[in-house]
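J.: Below: one structure in structure tokens.
In the working numbering, the protein residues as written are 27 to 216.
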């Protein structure tokens, strides 16, 4: 009888919980222009690109310096994505055999390409450098040939998750009276 009394509140909540489930659609990364053409629509490419650019700037990366590559057998190392220099971009790609490709994009020119790098100038005043560890020269050249600006869905997958607002955490050691300083008093024997 006690078990039924404990389960009754859950049973009564079940219809409400089931009704609330599955009401949100998953973000598939599809950023098609809305039928109305309203550029304020959060799904519109210009709004999505603006949001992604704001996230890049928050990381210290100039959006115009973000480039990626596609190399068969290599996977982006998500934790490697970051700033290069003042406002450039860097990322690393790895392969199961231990090979690593490094991509660095920054302001400059391909004329200043250091030895051991494959460099290209995708736009005036920009240089992308590719280097590798345990990577054959033809793979480096292929990585350089595949360098491109990421599409919004590609960029969203590249960036760390956007921060979410959270409520402040209530600390247990702060008194509700006085200046709010922590209570560091010592009890008996302390």
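The beta carbon of each residue, even a glycine, is placed where N, CA and C say it ideally should be. These numbers come from a predicted model, not from an experiment.
(1) In three-state DSSP terms, what is residue 175?
(2) Please work out which residues of its chain come closer than 7 Å, Cβ to Cβ, to residue 176, disregarding the five sequence neighbours upstream and downstream, and give them in chain order.
(3) The ligand NAD heavy atoms versus the CB of residue 87: any closer than 8 Å?
(4) At what residues does the beta strand (DSSP E) containing residue 155 begin and finish?
(5) What does DSSP give as the partner residues of residue 110 in its beta bridges?
(6) With a cut-off of 8 Å on the beta carbons, I'd call residue 129 and residue 117 a contact; round off their distance for me.
(7) Am I right that residue 126 and residue 77 are in contact with their C-beta atoms under 8 Å? What's the rounded C-beta distance?
(8) Hey, could you find the ends of the beta strand (DSSP E) residue 132 is sitting in?
(9) Quick one: grab the DSSP three-state call for residue 91.
(10) I'd like to know whether the C-beta atoms of residue 161 and residue 173 end up nearer to each other than 9 Å.
T.: Let me spell this out:
(1) In the chain shown, residue 175 corresponds to position 149, counting from 1. Correct three-state label for residue 175: coil.
(2) Taking the first residue of the chain shown as 1, we reach residue 176 at position 150. Same-chain partners within the cutoff: 92, 94 and 184.
(3) Summarising the ligand content, the structure contains no ligands, and the ligand NAD is consequently not present.
(4) As a working note, residue 155 is residue 129 in the chain shown. For residue 155, the enclosing beta strand (DSSP E) has its first and last residue at 152–159.
(5) On the chain shown, residue 110 is found 84 positions in, with the first residue counted as 1. DSSP lists 114 as partners of residue 110.
(6) For the purposes of this step, residue 129 is taken as residue 103 along the chain shown, with counting starting at 1. For the purposes of this step, residue 117 is taken as residue 91 along the chain shown, with counting starting at 1. Contact flag correct, Cβ pair sits at about 5 Å.
(7) By one-based count along the chain shown, residue 126 stands at place 100. By one-based count along the chain shown, residue 77 stands at place 51. Contact annotation, residue 126 with residue 77: C-beta distance approximately 31 Å; criterion of less than 8 Å not satisfied.
(8) For the purposes of this step, residue 132 is taken as residue 106 along the chain shown, with counting starting at 1. 126–133 is the span of the beta strand (DSSP E), which, as asked, contains residue 132.
(9) Residue 91 sits at position 65 when you count from the first residue of the chain shown. It is helical.
(10) Counting from 1 along the chain shown, the entry for residue 161 is found at position 135. Counting from 1 along the chain shown, the entry for residue 173 is found at position 147. The Cβ-Cβ distance between residue 161 and residue 173 does not fall below 9 Å.
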